[in-house]
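Trainee: Right, I'll just put the structure down here and ask away after.
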Amino acid sequence: MDSGKSKIVVIKFDNYQGGGTFVVARSVLNALKKTGKEISLCYIQHGRVYCENAEGKTDLGNIKFVPPFLQNFYQNILIRKIIKRNDVIVCLQGTSLYLPSKNHKIVYVHHSNAFRYYDDIRWKPFFKKISNALEVLIILFLEAMQKPDELIFNSEYSLQRAYHMRSKNKQVVIYPPVPFRRQNGSNLKQRMPFVSLGRIHPEKNHELQLKLAALFPDLSFEIIGITHESKYFHEFDKKVKKLKNVEVFYTASEEIIDNKLNRATFFLHTMIGEHFGIAVGEAAMRGCIPIINFKGGAKEIAPEFSLIYNNETDLISLLKRINDGEKFNSPTADQVQVVRDKFSETRFQNHFMNIIKKYIKNG
């Protein structure tokens, strides 16, 4: 490498403006820009691979013809020349760096792609289960072949599931930053409704919330989210319209999200195996009581005041207790502040940059 200042390339899988991947990427890019280093950003958008830097935006090629589970790999083939021109690779999509190179590599793992595909099998049609199983084996092999300088995980749960992934240095957990907008006015909680926030997608298990709504017609449920699965969305919307105690807010504004979280007592999160759960963090920062499944990283967010269930039967029993009038203590101001501090952007950036600074040159 030359003696000049370091050049850094940041790789993310897509340019979707939402979710934990987006929040982490935005925060990391903002922190890197403060270093004064030359930064390039590579990502996939609308089936094409792009690279952005100080010189502008470059279209590197089409990726639509590649099977989804191999698009990360093919993305790296298209950006190989850009990778060679940079000293440090910061990968924010977890399992992309399959090509050998001499660059220093820092990888942030939201989840093992292999185990994500494995989890997806449960809601796929039978004929897709077989092909998914093959995809899982291929991705397991590709993930196991990596050995970056640093592997950073977004939760203890994600770290424990990625036992097949290795790095040159000790693997660590750095929790993502959770967005928090200072609320104005009263934060008086109401007992109803139950609120959830997240993509309307099979993996989020919103179907269970509709089942609960049918079982408890006196409880009301509000679901905030967007959808990328048009067929699933239409079927889901038909079921919602049959229930009088469910209201869905698609692509809600920040003002609506704030309003709903500020006045809700319970935040209902029904995804099984959530690798972290930015939405759970947002709710906990608002003083909601998270109701979350035991399997996943969400239970690491606010263990002092979360209600954790093991299975569907357990969750139904919990809602019956709530429906029968049992009181549950809302978190104290001190408990809420602990969550806000634990997942602040400042804390995340400081920890992340302490690792990156080991590999970037001054100058």
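Quick note on the working numbering: the sequence shown kicks off at 1291 and runs consecutively.
Backbone N, C-alpha and C define an ideal beta-carbon position, used for all residues, glycine too.
All of these numbers come straight from a predicted model, not from anything done at the bench.
If you compare alpha carbons, which of Tyr1333, His1394, Phe1566, Tyr1649 is closest to Lys1437?
Mentor: Counting from 1 along the sequence shown, the entry for residue 1437 is found at position 147. With distances taken between Cα atoms, Lys1437 lies closest to His1394.
Trainee: With contact counted as at least three CB pairs below 8 Å, one residue from each stretch, are the region 1550 to 1569 and the region 1579 to 1587 in contact?
Mentor: Taking 8 Å as the limit for Cβ pairs, the verdict is that the region 1579 to 1587 does touch the region 1550 to 1569.
Trainee: Straight-line CA distance for Glu1590 to Leu1427?
Mentor: On the sequence shown, residue 1590 is found 300 positions in, with the first residue counted as 1. On the sequence shown, residue 1427 is found 137 positions in, with the first residue counted as 1. Between Glu1590 and Leu1427, the C-alpha separation is close to 29 Å.
Trainee: In angstroms, rounded to a whole number, what distance separates the CA positions of Leu1360 and Phe1470?
Mentor: Residue mapping note: residue 1360 aligns to position 70 of the sequence shown, counting from 1. Residue mapping note: residue 1470 aligns to position 180 of the sequence shown, counting from 1. Looking at the two C-alpha atoms, the distance is approximately 35 Å.
Trainee: Please say whether Asn1444 and Ile1403 have beta carbons closer to each other than 9 Å?
Mentor: Here residue 1403 refers to the residue found at position 113 of the sequence shown. Here residue 1444 refers to the residue found at position 154 of the sequence shown. The question names Ile, but residue 1403 in the sequence shown is Asn. Going by C-beta atoms, Asn1403 is not nearer than 9 Å to Asn1444.
Trainee: Return helix, strand or coil for Ile1369, following the three-state DSSP convention.
Mentor: Walking along the sequence shown from the start, residue 1369 turns up at place 79. Note: Ile1369 maps to coil in three-state DSSP.
Trainee: Which runs of the alpha helix (DSSP H), 4 residues or longer, sit entirely within the region 1577 to 1647?
Mentor: DSSP runs (the alpha helix (DSSP H)) wholly in the region 1577 to 1647: 1602 to 1613, 1623 to 1632, 1635 to 1646.
Trainee: If we count the other Cβ atoms within 10 Å of its Cβ and call it buried at 16 or more, is Arg1406 buried or exposed?
Mentor: Within the sequence shown, numbered from 1, the residue matching residue 1406 stands at position 116. Its Cβ being crowded by 16 or more others within 10 Å, Arg1406 is buried.
Trainee: Would you mind working out which of Cys1332, Ser1317, Pro1466, Ile1429 sits nearest Met1455, comparing C-alpha positions?
Mentor: Against the sequence shown, residue 1455 aligns to sequence position 165. Nearest C-alpha to Met1455: Ile1429.
Trainee: Quick check on DSSP: helix, strand or coil for Gly1310?
Mentor: Position 20 of the sequence shown, counted from the first residue, corresponds to residue 1310. Looking at Gly1310 - three-state DSSP - the assignment turns out to be helix.
Trainee: Taking only runs that begin and end inside the region 1321 to 1382, name each unbroken beta strand (DSSP E) of 3 or more residues, in chain order.
Mentor: You should have 1328 to 1335, 1338 to 1343, 1346 to 1352, 1378 to 1381.
Trainee: Take Phe1506 and list the residues in its own chain whose beta-carbon comes closer than 7 Å to its own, dropping the five residues that flank it on each side.
Mentor: Translated into positions along the sequence shown, residue 1506 becomes position 216. Here the set comprises Leu1609, Asn1613.
Trainee: For Asn1535, which residues of its own chain have a beta-carbon under 7 Å away from its beta-carbon, when the five flanking residues on both sides are left out?
Mentor: For the purposes of this step, residue 1535 is taken as residue 245 along the sequence shown, with counting starting at 1. Closer than 7 Å at the Cβ level, and outside the excluded window around Asn1535, lie Ala1503, Pro1507, Leu1509, Ser1510, Phe1511.
Trainee: When the Cβ atoms of the region 1518 to 1529 are set against those of the region 1489 to 1501, are three or more pairs found closer than 8 Å?
Mentor: Yes, they touch.
Trainee: Exposed or buried, which one is Gly1475 when buried takes at least 16 other CB atoms within 10 Å?
Mentor: Position 185 of the sequence shown holds residue 1475. Summary for Gly1475: the model assigns pLDDT 46, below 50, so the residue's position carries little reliability, and this model does not support an answer.
Trainee: In three-state DSSP terms, what is Leu1509?
Mentor: Within the sequence shown, the letter at position 219 stands for residue 1509. Correct three-state label for Leu1509: coil.
Trainee: With three or more C-beta pairs closer than 8 Å as the rule, is the region 1327 to 1340 touching the region 1302 to 1309?
Mentor: Yes, the region 1302 to 1309 touches the region 1327 to 1340.
Trainee: Which ranges does the alpha helix (DSSP H) cover as unbroken runs of at least 4 residues, wholly within the region 1499 to 1566, from first to last along the chain?
Mentor: Here the runs fully enclosed are 1520 to 1531, 1544 to 1553.
Trainee: Mapping the DSSP letters down to three states, classify Val1468 as helix, strand or coil.
Mentor: Taking the sequence shown and counting its residues from 1, the one referred to as residue 1468 is at position 178. Correct three-state label for Val1468: coil.
Trainee: For Met1561, is the classification buried or exposed, using 16 other Cβ atoms within 10 angstroms of its Cβ as the cut-off for buried?
Mentor: Taking the first residue of the sequence shown as 1, we reach residue 1561 at position 271. Looking at its Cβ environment, which holds 16 or more other Cβ atoms inside 10 Å, Met1561 is buried.
Trainee: Exposed or buried, what is Leu1322 when buried is set at 16 or more other beta-carbons lying within 10 Å of its beta-carbon?
Mentor: On the sequence shown, position 32 is the one that residue 1322 refers to. With 16 or more Cβ atoms within 10 Å of its Cβ, Leu1322 is classed as buried.
Trainee: Distance, Cα to Cα, Gly1337 vs Ile1369?
Mentor: Translated into the one-based positions of the sequence shown, residue 1337 becomes position 47. Translated into the one-based positions of the sequence shown, residue 1369 becomes position 79. In a straight line, the C-alpha of Gly1337 is about 15 Å away from that of Ile1369.
Trainee: Assuming Phe1633 and Ser1317 make a contact with CB atoms under 8 Å, what is their CB distance in whole Å?
Mentor: Here residue 1633 refers to the residue found at position 343 when the sequence shown is read from its first residue. Here residue 1317 refers to the residue found at position 27 when the sequence shown is read from its first residue. Phe1633 to Ser1317, Cβ: 11 Å. No contact.
Trainee: Taking the beta carbon of Ile1420 as the centre, do at least 16 other beta carbons fall within 10 Å, making it buried, or is it exposed?
Mentor: One-based indexing of the sequence shown puts residue 1420 at position 130. Counting Cβ neighbours within 10 Å, Ile1420 comes out exposed, since fewer than 16 surround it.
Trainee: Would DSSP call Pro1438 helix, strand or coil?
Mentor: On the sequence shown, position 148 is the one that residue 1438 refers to. It is coil, neither helix nor strand.
Trainee: So the candidates are Lys1297, Val1378, Glu1328; which of them puts its Cα closest to the Cα of Ile1645?
Mentor: Counting from one through the sequence shown, the residue named residue 1645 turns up at place 355. For Ile1645, the nearest C-alpha among the options comes from Val1378.
Trainee: Let's test the definition: count the other Cβ atoms within 10 Å of the Cβ of Ser1293 and tell me whether it reaches 16, buried, or not, exposed.
Mentor: By 1-based counting over the sequence shown, the position of residue 1293 is 3. Residue confidence for Ser1293 is low, a pLDDT of 46 falling below 50, so the modelled location carries little weight; the figure read from the coordinates is stated next. So Ser1293 counts as exposed.
Trainee: What do you get for Pro1483, buried or exposed, if any count of 16 or more other CB atoms within 10 angstroms of its CB means buried?
Mentor: The sequence position of residue 1483 within the sequence shown is 193, counting from 1. When all chains shown are included, Pro1483 counts as buried.
Trainee: Leaving out the 5 sequence neighbours to the left and right, which residues in its chain are closer than 6 Å to Asn1343 when beta-carbon positions are compared?
Mentor: Position 53 of the sequence shown, counting from 1, holds the residue named residue 1343. Excluding sequence neighbours, Asn1343 sits near Ser1330.
Trainee: Near Gly1351, which residues of its chain fall below 8 Å by C-beta distance, leaving aside the five closest residues on each side in sequence?
Mentor: Position 61 of the sequence shown, counted from the start, is the residue given in the question as residue 1351. Closer than 8 Å at the Cβ level, and outside the excluded window around Gly1351, lie Arg1338, Val1339, Leu1368.
Trainee: Closest to Gly1567 by CA distance: which of Thr1517, Phe1595, Thr1311, Ser1296 is it?
Mentor: To locate residue 1567, count along the sequence shown from 1; it is residue 277. When each option's Cα is compared against that of Gly1567, the closest is Thr1311.
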